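Everything on this sheet refers to the single structure shown next.
Numbering (our numbering), first residue to last: 5 to 254.
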């Protein structure tokens, strides 16, 4: 079993990924930023499991350096880097209405943070000749799709698509894979829900007939992180229940 570093791993989609890795027998270092209540609740629920929770702002390079230092000190290595954190601006507005600070936050939180974490973790992965990197995109990211009212977030994530593929090629010789998952329209309680729960709530907008859940994302990530999934690298996976294949876009 290995050690997974999961950013924003104490709530939402990240929580389900954290729990999936723990259930599979892995050690986990999960981060949170401001929601102490969620972090404490997760820690209490898994107090007997190999889970370390660290407060970190992914837009701050110093916090990321401290995070990796703590993760390495606790578990000795980082086998799986899951870049789940993705700062987002919920207010709907055009690019010309973004402030410099908002633009910077989208770039630092969604793109720069991955760059810094790669530089901090890849060297150790190279030494052990094994590593798995998982990044998050959005539906249609692989086509460099525009996204009205979400331009800064979309620009950062589309840049991350290219970075995901570049790292996959550059690090393949070291047994390191790099892939991206693109969740569909998973909202509200469904982020921390399981598949069976979603099947009880019909969703006519999704071809598969149900909403996506955090469990769908977690299952996809666990598969990509398996040792024998090494033939899959540089790939972008749409986990949308069929929304992407007919080009329906939010």
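No residue lacks a Cβ here, since even glycine has one placed at the ideal position from N, Cα and C. Only a predicted model underlies this, so the values are computations on that prediction, with no experimental measurement involved.
Collapsed DSSP secondary structure at residue i in the structure displayed
i: residue 254; result: Low confidence applies to residue 254: its pLDDT is 48, below 50, so where it sits in the model is not reliable enough to give any reading.
i: residue 182; result: strand
i: residue 7; result: strand
i: residue 12; result: coil
i: residue 88; result: coil
i: residue 214; result: strand
i: residue 47; result: helix
i: residue 132; result: helix
i: residue 56; result: strand
The beta strand (DSSP E) enclosing residue i, as first and last residue numbers
i: residue 35; result: 31–36
i: residue 240; result: 240–243
i: residue 140; result: 135–140
Contact belief for residue i with residue j at Cβ below 8 Å, rounded distance in angstroms
i: residue 58; j: residue 74; result: 5 Å
i: residue 89; j: residue 117; result: 7 Å
i: residue 141; j: residue 184; result: 5 Å
i: residue 26; j: residue 71; result: In fact, because the Cβ distance is near 18 Å, the residues do not count as touching under 8 Å.
i: residue 219; j: residue 199; result: 5 Å
Residue i: CB within 7 Å of a non-hydrogen atom of the ligand FMN
i: residue 23; result: Absent from the structure shown: the ligand FMN. Ligands present: none.
Proximal residues to residue i (C-beta, below 6 Å), its chain only, five neighbours per side dropped
i: residue 3; result: Since the first and last residues shown for the chain are 5 and 254, residue 3 lies out of range.
i: residue 115; result: 160, 163 and 164
i: residue 129; result: 135 and 180
i: residue 239; result: 183
Residue span of the alpha helix (DSSP H) that contains residue i, given as start and end
i: residue 68; result: 65–79
i: residue 104; result: 104–111
i: residue 169; result: 155–175
i: residue 190; result: Premise fails: residue 190 is in no alpha helix (DSSP H) and is neither H nor E.
i: residue 201; result: 199–202
Same chain, Cβ closer than 8 Å to residue i, five either side skipped, listed in chain order
i: residue 216; result: 187, 188, 189, 190, 194, 202, 210, 243, 244 and 245
i: residue 234; result: 179 and 181
Exercise. Give a yes or no on contact between the segment 95–111 and the segment 141–161, applying the rule of three or more CB pairs nearer than 8 Å.
Key: yes
(request) Would you be able to state if there are at least three C-beta pairs under 8 Å between the segment 240–251 and the segment 184–203? (result) yes
field: Given 8 Å, three or more beta-carbon pairs between the segment 29–37 and the segment 206–216
entry: no
Quiz item: Are the segment 223–231 and the segment 43–54 in contact at 8 Å, needing three or more beta carbon pairs?
Solution: no
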